[in-house]
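Contents: one structure, followed by commentary.
Residue numbers (our numbering), protein chains in the order written: chain A, 1 to 143; chain B, 1 to 107.
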């Protein structure tokens, strides 16, 4: 049965993207931060552990920050390790945001770890991630 | 352009966190799909959305094909003065959309 499924995928060469392997995210993250050190912590990524449809997976990113004029979150980048375009989105915040929290829905090309990188006003970078199991990838849709 | 639904409370106290929810009708074409003739459908996503509060930028989203069709965004704004939240967005085809929502700040 696995063979039949693989055959079906092979029959549509344009769907081969669905099998895209997990790519290392570090080079992209280094580019986003201009080579600055990224520490783990302060960033929480909330995503369902199991998503049965990769077309619209709810995603919530929260960054611990007082969000006042002295200390606030400037950017939040969402990075996927399996999407054909790993940079999913970039959000720009400022002290008027009041709270560093974003909710959106993302497309995911298969099971993977999703990363969020927060750039703070003091120049430091923090990251968080969450693992998600996707049973139907966003890229298998040929409609 | 596209239909947009924006939810913001009508009233907020000064200093209160206001939840902003935006949903815009848009296919967010990835550029990886083909039409029924086998021709590639060009990538067309809402690449930028900006929210201004009384003229001052409070939130900006730069999105790619990794954001789902009919993009949904929820974020926060700190209530300061009565006025309006203005939303503007543009897609890869250069089509623009905008929406305004009034916000009354009570003391």
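Note that beta-carbon positions come from the ideal geometry of N, C-alpha and C, so glycine has one too.
Item	Value
My assumption, with CB atoms under 8 Å, is that residue 97 (chain B) sits in contact with residue 24 (chain B). Please give the rounded CB distance.	7 Å
For residue 13 (chain B), which residues does DSSP report across the bridge?	B:106
Examine chain A for any beta-carbon lying closer than 9 Å to the beta-carbon of residue 88 (chain B), and answer yes or no.	no
State the Cα-Cα distance for the pair residue 42 (chain B) and residue 85 (chain A), rounded to the nearest angstrom.	15 Å
I want to know whether the segment 60-79 of chain B touches the segment 54-72 of chain A - three or more CB-CB distances under 8 Å.	yes
Please decide whether residue 3 (chain A) counts as near chain B, where near means a Cβ-Cβ distance under 9 Å.	Bear in mind that a pLDDT of 47 at residue 3 (chain A), under 50, signals an unreliable position, so the number given afterwards is only what the model happens to contain. No, its Cβ sits nowhere closer than 9 Å to a Cβ of chain B.
Rounded to whole angstroms, what is the Cα-Cα separation between residue 26 (chain A) and residue 52 (chain B)?	33 Å
Say whether chain B places a C-beta atom closer than 9 Å to the C-beta of residue 37 (chain A).	no
Report the rounded CA-to-CA distance for residue 108 (chain A) versus residue 106 (chain B), giving the unit in angstroms.	42 Å
Do the segment 54-63 of chain B and the segment 43-54 of chain A make contact, defined as three or more Cβ pairs closer than 8 Å?	no
In its own chain, which residues sit with a C-beta less than 6 Å from the C-beta of residue 128 (chain A), not counting the 5 before and 5 after it?	43, 44, 45 and 116
Which of the three DSSP states, helix, strand or coil, is assigned to residue 82 (chain B)?	coil
Below 7 Å on C-beta distance, what does residue 58 (chain B) contact in chain A?	94, 96 and 97
Compare the C-beta of residue 143 (chain A) with all C-beta atoms of chain B and state if any pair is closer than 9 Å.	A caution first: residue 143 (chain A) carries a pLDDT of 46, below 50, which makes its placement in the model unreliable, though a value can still be read off. Chain B, which has a Cβ nearer than 9 Å to the Cβ of residue 143 (chain A), makes this yes.
Expressed to the nearest angstrom, what Euclidean distance is found between the alpha-carbon atoms of residue 72 (chain B) and residue 36 (chain A)?	31 Å
How is the alpha helix (DSSP H) around residue 31 (chain A) delimited, first residue to last?	26-32
Given that residue 64 (chain B) touches chain A, what residues does it touch there, using C-beta distances under 7 Å?	85, 87, 88 and 89
Since residue 120 (chain A) and residue 73 (chain A) are thought to touch, with beta carbons under 8 Å apart, how far apart are those beta carbons, to the nearest angstrom?	6 Å
Note down, in chain order, each residue of its chain lying with its Cβ closer than 8 Å to the Cβ of residue 82 (chain A), except the 5 sequence neighbours on either side.	20, 21, 22, 23, 108, 109, 110, 111 and 112
Beta strand (DSSP E) containing residue 58 (chain A): first to last residue?	57-63
Answer yes or no: do residue 88 (chain A) and residue 67 (chain B) have a C-beta to C-beta separation smaller than 9 Å?	yes
Does DSSP classify residue 40 (chain B) as helix, strand or coil?	strand
How long is the line joining the alpha carbons of residue 91 (chain B) and residue 118 (chain A), rounded to whole angstroms?	25 Å
Going along the chain, which residues of the segment 69-81 of chain B sit with their C-beta nearer than 8 Å to a C-beta in chain A?	69, 71, 72, 73, 74, 75, 76, 77, 78 and 80
By the 10 Å Cβ neighbour count, where 16 or more other Cβ atoms means buried, how is residue 36 (chain B) classified, buried or exposed?	exposed
Would you please verify whether the beta carbon of residue 67 (chain B) is less than 9 Å from any beta carbon of chain A?	yes
Is the Cβ of residue 3 (chain B) closer than 9 Å to any Cβ of chain A?	no
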